[in-house]
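Visitor:
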Amino acid sequence: MATQVSTTVGEAIADIVSGSTLAVGGFGLCGIPDKLIEAVAESGATDLEVYSNNCGVDDHGLGILLSLGRIRRVTASYVGENKEFARQYLAGELEVELTPQGTLAERLRAGGNGVPAFYTPAGVGTPIADGGMPWRYATDGTIAVASPPKETRVFGGKRYVLEAGIHADFALVHARVGDTHGNLVFDKTAMNFNPLAAMAGRITIAQVEELVEPGVIHPADVHLPGVFVQRIVHTGPQDKRIEKRTISTTEGAA
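Terminal number for the sequence shown in the UniProt record's numbering: 254, no gaps in between.
1. Assuming Ala206 is part of the beta strand (DSSP E), what are its boundary residues?
2. Who does Thr75 pair with in a DSSP beta bridge?
3. DSSP three-state label for Asp169, please.
4. According to DSSP, is Ser43 helix, strand or coil?
5. Taking a contact to mean a Cβ-Cβ separation below 8 Å, would you say residue 256 touches Trp135 in this structure?
6. If you drop the 5 nearest sequence neighbours on each side, which residues of the same chain put their C-beta closer than 8 Å to that of Arg153?
7. With C-beta atoms as the reference, is Gln29 less than 8 Å away from Glu243?
8. If I'm right that Asn183 touches Ile205 with Cβ under 8 Å, what's the distance once you round it to whole angstroms?
9. Measure the C-alpha to C-alpha separation of residue 256 and Phe85 and round it to an integer number of angstroms.
10. Which of helix, strand or coil does DSSP assign to Asp221?
11. To the nearest whole angstrom, what separates the beta carbons of Ala175 and Val208, a pair I think is in contact under 8 Å?
12. DSSP three-state label for Ser20, please.
13. Give me, in chain order, the residues of the same chain whose beta-carbon lies closer than 6 Å to that of Pro149; leave out the 5 immediate sequence neighbours on both sides.
14. Measuring CB atoms only, is the stretch 42-55 touching the stretch 15-25, in the sense that at least three cross pairs come out at less than 8 Å?
15. In its own chain, which residues sit with a C-beta less than 8 Å from the C-beta of Ile13, not counting the 5 before and 5 after it?
16. When you compare only the Cα positions, how much space is there between Thr142 and Val79?
17. Exposed or buried, which one is Asn113 when buried takes at least 16 other CB atoms within 10 Å?
18. Mapping DSSP to helix, strand and coil, what is Gln88?
19. Helix, strand or coil for Gly182? Go by DSSP, reduced to three states.
20. Report all residues from its chain with a CB closer than 7 Å to the CB of Lys188; omit the five preceding and five following residues, and keep chain order.
21. With DSSP collapsed to three states, give me the class of Pro149.
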């Protein structure tokens, strides 16, 4: 299917409805598809299930959807700097599946490559494999929903746990440059989870800072081929924010 060039972010995400599953690129605030997330917030879609490394900060990125109560469940590798994320989780308002960061990355990649599941040593001997991780708390602080135990097997004398690939209805990603065929180029560390999230989406929507014609991007420079991208929208330069500012108070410090 040819990549569709959308004229607005609202048009690009128009069929994301309540109950949709979303794979979202970014790490903290680096490389997040901020304009697409804002458009989803404006659309009114709720009861969303999100696969992402984390949930931004309280007032930016996925934190916007969290603060509006639009997210039902999150699969992530850490809570990070988002106080509202932690509050909702501990208050029993949000279901959270915490998973090792490398496992999350591989689950996204596996889903995009048609691999239903894989074995990994990460998490063996912990509640990740044995079950009992609190997915959702009750209002009294007890565990309302706990993770089930996962299948384990021994290969070469070492135990591994079976992890499932991730498939999402939609993937939202950010790239520095994209062409109208959907080929994407990411900017240094802003690549992070973006290619992996893009692969996991049934419909992948990319916001790009610069949109060019086919042939402008040299084939050797393509980080993600257009076969994984169904829609692309030009959003211009990204509003880059600092996630956490640390300032020295020592006199004379640089």
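Each residue gets a CB set at the ideal place from its N, CA and C atoms; glycine is no exception.
Guide: Taking the coordinates as given:
1. 201-212
2. Tyr51, Glu97
3. strand
4. helix
5. Outside the shown range of the chain, which is 1 to 254, sits residue 256, and nothing can be said about it.
6. Tyr119, Arg159, Tyr160, Leu162
7. Here residue 29 is Leu; the residue named in the question, Gln, does not match the sequence. Yes. Within cutoff.
8. No, Asn183 and Ile205 are not in contact; Cβ-Cβ is about 15 Å, not under 8 Å.
9. Only positions 1 to 254 of the chain appear in the structure, and residue 256 is not among them; the question remains open.
10. helix
11. 5 Å
12. coil
13. Asp130, Gly131
14. yes
15. Leu36, Ala39, Val40, Ser43, Phe170, Leu172, Ile205
16. 19 Å
17. exposed
18. helix
19. coil
20. none
21. coil
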